[in-house]
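Worksheet for the structure shown next.
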Amino acid sequence: MPHFDPLPYAIPVFVLLVAAEMAWARRARQPDAYEVRDTAVSLAIGLGSTVIGAAGAGAVAAALVWVHSFALLAIGWQWWAWVACFVLDDLAYYWFHRSAHRVRWFWASHVNHHSSQHYNLSTALRQSWTGLVALAFVFRLPLALIGFEPAMILTCGALNLIYQFWIHTEAIGRLPASIEAVMNTPAHHRVHHAVNPRYLDRNYAGTFIVWDRMFGTFQPEVPEEKIRYGIVHQLGTFNIVRAVFHEWLAMAADFAAAPWRHKFAYLWKEPGWSHDGARETSDAIRARWEAKRRANSGEAISP
Amino acid sequence: MPGLLLQFAGSLAAVALLVFGAYRLGFVREARLAGEEEARDIAGLAPRGFEPVALALDRDGRGALLRDAAGRIVLLAPHGAHFVVRELDPPARAQAHGGMLSLMCERHTTSLVSLDLGDSAPDWAARISALG
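Heads up: the sequence lines are chains S and Z, in that order. Letter 290 of the first sequence, counting from 1, is numbered 313 in the working numbering, and no numbers are missing. Letter 131 of the second sequence, counting from 1, is numbered 141 in the working numbering, and no numbers are missing.
This is the structure we're talking about:
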């Protein structure tokens, strides 16, 4: 299925912008903005993801074409279809991304994007190697069922991914309120990559932050709170294979060790869930933090 | 196919160039804790939370050990320019030599962590050994 893939054209721009951000970090005396081994891991994972993505692109396209054969509408290639497809693809992305944080099966694939304790443009390139195995593409299938052309869906998905590159930076503060209200921005996405309890599992947006505002997952950046990036149990290694597969291995170990009636819950429940309650989900972490904050400020804790 | 190979080769060269650039620009800094407050902040993000009642900071800020009221001990171990928090459990082994504490916790990291804790090193070594 021939379609326009803008990603290869964007890669040289990505490289130039990473170099420019490094130069900014040097000039602005931000020595922790980059770390050479972390950057190597991010870029190597990014390179690997382009190879694996290219290898799996045929399967995703075939799935879209097959679903499109049952399309409810014949939408075609009108200009407005591109606009509608981009917006609805972004909505689909929101739900994919929310699931990627709330369902351990999808989290196992997505976690490597969050595994860096740095937040810079190279972090944006830590893309999944196992998205096809995790069946992440199923979130885009409804667009084909509606009647959007599969090639259009793939192009809009690639444009969405390209948009998300530039928001992975600390070099840009807050943008004008009108932009922050509608678009996903560096400030909104810094929140998403943070492990501060206040910020956990917030701001899932791809391009438009309005989905988070609409579905109750929006959290603005609080300027006075220092952001710490990464994952709750920090990875602590620069081993690329571990960065990519560690959660799959941990999930498999939990599945093997759990009693039969709980095994599959380790696949579909949220990260941090355990059948014996020994671990904490992001909701539990936030509740513990909120209770402590209220106790410190003398507020009453609502039942 | 030759186009894809060329694209891959170009991307690989760009990766190598950027990593070399990061090295030459000096992004090779080892992590240092600014003080006890930063150690407490980082430890507070430990899984299941952590409220320290005792803290020992490496003299150069290259790590810290913290203990809570329940006797749990967490290690702040350097990882690149940042720190990771690891709760120590029975397989952890610690030895004090003078003011240095050497710590091996195979479950979380295969590398040996050495902290300069001064006079408090033997006490922390004993507490870590007592975890088992």
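The beta carbon of each residue, even a glycine, is placed where N, CA and C say it ideally should be.
query, result
"Mind checking which residues open and close the alpha helix (DSSP H) that includes Q242/S?", "Per DSSP, Q242/S belongs to no alpha helix (DSSP H) and is neither H nor E."
"Count the other CB atoms, across all protein chains shown, that sit within 10 Å of the CB of H107/Z; report buried if there are 16 or more and exposed otherwise.", "exposed"
"Could you tell me which residues DSSP pairs with F93/Z in its beta bridges?", "P88/Z"
"Compare the beta carbon distance of T240/S and Y227/S with 8 Å and say whether it is the shorter of the two.", "yes"
"State the beta-bridge partners of Q105/Z as determined by DSSP.", "S112/Z"
"Please list the partners that V29/Z has in chain S, where partner means a Cβ-to-Cβ separation under 8 Å.", "V59, T62, A63, L66"
"In three-state terms, what does DSSP make of F20/S?", "There is simply no residue 20/S to check, as chain S begins at 24 and stops at 326 in what is shown."
"So with Cβ pairs under 8 Å, would you call A42/S a contact of chain Z?", "yes"
"To the nearest angstrom, how far is the alpha carbon of Y116/S from that of D235/S?", "12 Å"
"Counting beta carbon pairs with one atom in the stretch 37-48 of chain Z and one in the stretch 88-95 of chain Z, are three or more of them shorter than 8 Å?", "yes"
"Which residues, in chain order, does the stretch 77-108 of chain Z contribute to contact with chain S at a C-beta distance below 9 Å?", "A87, H89, G90, A91, H92, F93, V94, V95, R96"
"For H211/S, which residues in the same chain have their Cβ closer than 6 Å to its Cβ, ignoring the five residues on either side in sequence?", "N226, I232"
"List, in chain order, every chain Z residue whose beta-carbon is nearer than 9 Å to that of R327/S.", "What the structure shows of chain S is the stretch from 24 to 326, and residue 327/S is not part of that stretch, so it cannot be assessed."
"Could you name the residues that DSSP lists as bridge partners for R77/Z?", "A64/Z, I83/Z"
"Shortest alpha-carbon distance to A82/S belongs to which of L177/S, W105/S, E244/S, H141/S?", "L177/S"
"Is T73/S near L28/Z, with beta carbons less than 8 Å apart?", "no"
"Residues of chain S with a CB under 7 Å from the CB of S21/Z: which are they?", "I34, L70, T73"
"Skipping 5 residues on each side, what residues in its chain have a beta carbon closer than 7 Å to that of H92/Z?", "A41"
"Could you give the distance in angstroms between the alpha-carbon of V110/S and the alpha-carbon of W312/S?", "35 Å"
"Show which residues of chain Z have a CB atom less than 9 Å away from the CB atom of P54/S.", "G36, F37, R39, A91"
"In the stretch 204-227 of chain S, which residues sit with their C-beta less than 9 Å from some C-beta in chain C, listed in chain order?", "Any reference to chain C falls outside this structure, whose protein chains are S and Z."
"Would you give the residue range spanned by the alpha helix (DSSP H) that S139/Z belongs to?", "131-139"
"What would DSSP say about F278/S, mapped onto helix, strand or coil?", "helix"
"Which residues in chain S sit within 7 Å of V25/Z, going by Cβ to Cβ distance?", "L66, A67, L70"
"If you draw a straight line from the alpha carbon of A19/Z to that of L70/S, how long is it in whole angstroms?", "10 Å"
"Quick check: is the beta carbon of I254/S nearer than 8 Å to any beta carbon in chain Z?", "no"
"Use the C-beta contact count for E193/S: other C-beta atoms within 10 angstroms, 16 or more gives buried, fewer gives exposed.", "buried"
"For W130/S, count the other beta carbons within 10 Å of its own beta carbon; 16 or more makes it buried, fewer makes it exposed. Which is it?", "buried"
"Determine the chain S residues that contact R58/Z at a beta-carbon separation under 8 Å, and present them in chain order.", "R302, E303"
"Between which residues of its own chain and I125/S is the CB-CB distance below 6 Å, once the five residues before and five after are set aside?", "For the sequence presented, residue 125/S should be read as Arg rather than Ile. Closer than 6 Å at the Cβ level, and outside the excluded window around R125/S, lie E293."
"V125/Z bridges to which residues according to DSSP?", "Contrary to the premise, residue 125/Z reads as Leu rather than Val in this sequence. Looking at the DSSP assignment, L125/Z forms a beta bridge with L111/Z."
"Tell me the DSSP bridge mates of Y252/S?", "A217/S"
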